[in-house]
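Numbering (the numbering used here), first residue to last: 379 to 507. Backbone N, C-alpha and C define an ideal beta-carbon position, used for all residues, glycine too. Predicted model, so just to flag it, every value in this text is computed and none were measured. A short write-up of the structure that comes next.
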């Protein structure tokens, strides 16, 4: 069984005249959904970095591609932006969205995890029991 995870980085470039602090608060609200921890789980928290007119989000994870697509659509709606089709190359998914208020770029690294196979000796023991 293969498990796929999408590690997403988002870069929001605001147009001149937009309040960076107000936009940061909006995005912090979105990040709260991804920072919930379960008991006994050591999970990296998503990070939010602010520079002059740029806000960067990193450390967001999805298990399904549809989750990533929904996240892209949600942010595009917030900024009233139109998006390019999803580009897939070399294990990376990229999407560019541009609107009157902001330019958003999404990059997702696709990581595949394979379930470890059991050794032949273990299989024979399970068959006997």
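The residues 459, 460, in chain order, have a CB closer than 7 Å to that of residue 476 in the same chain once the five nearest residues on each side in sequence are set aside.
Boundaries of the beta strand (DSSP E) harbouring residue 437: 432-440, taken from the DSSP string.
Annotation for residue 428: 398, 402 place their beta carbon closer than 7 Å to its own, counting only its chain and skipping 5 residues before and after.
Around the beta-carbon of residue 473, 16 or more other beta-carbon atoms lie within 10 Å, marking it buried. In summary, residue 491 is exposed, with fewer than 16 beta-carbon neighbours lying within 10 Å of its beta-carbon over all protein chains present. Residue pairing of residue 443 in beta bridges, as defined by DSSP: absent, with no partner found. Taken atom to atom, the span from the alpha-carbon of residue 446 to that of residue 456 is near 16 Å. In the structure shown, residue 477 adopts extended strand secondary structure according to DSSP, grouped into three states.
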